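In terms of our numbering, the sequence shown has 66 at position 66, counting the first letter as 1, and numbering is strictly consecutive.
Idealized CB from N, CA, C, for every residue including glycine.
It should be emphasised that the depicted structure is a prediction, and the values quoted were computed from it without experimental measurement.
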Amino acid sequence: MGSKKRKQKQAKRQKYIKKKQEQNIPFSQKSSHYDRKNIPVYLYGSVCNFVYVFIWSVLQFWDNSQYY
């Protein structure tokens, strides 16, 4: 019975140590991780912005060309 309890404590301790090690990641590594995660978001925003501006400019040109 005692060995089971000791193993449970050991597993809990290992989990705690692993969690602490994950928290102690240097900021430079964290920021590069966040940058890699956010690159698709930046690309999506840029593409949406480009499409919006393109459609808006085409509509403006089409609207102005009606009067010529």
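Alpha helix (DSSP H) containing residue i: first to last residue?
{"i": "Ile25", "result": "Premise fails: Ile25 is in no alpha helix (DSSP H) and is neither H nor E."}
Using the C-alpha atoms, what's the distance from residue j back to residue i?
{"i": "Gln10", "j": "Pro26", "result": "27 Å"}
{"i": "Gln21", "j": "Gln14", "result": "10 Å"}
{"i": "Asn64", "j": "Asn24", "result": "60 Å"}
{"i": "Val41", "j": "Asn49", "result": "12 Å"}
{"i": "Asn38", "j": "Ser46", "result": "12 Å"}
{"i": "Ile17", "j": "Ser3", "result": "21 Å"}
{"i": "Tyr44", "j": "Val51", "result": "11 Å"}
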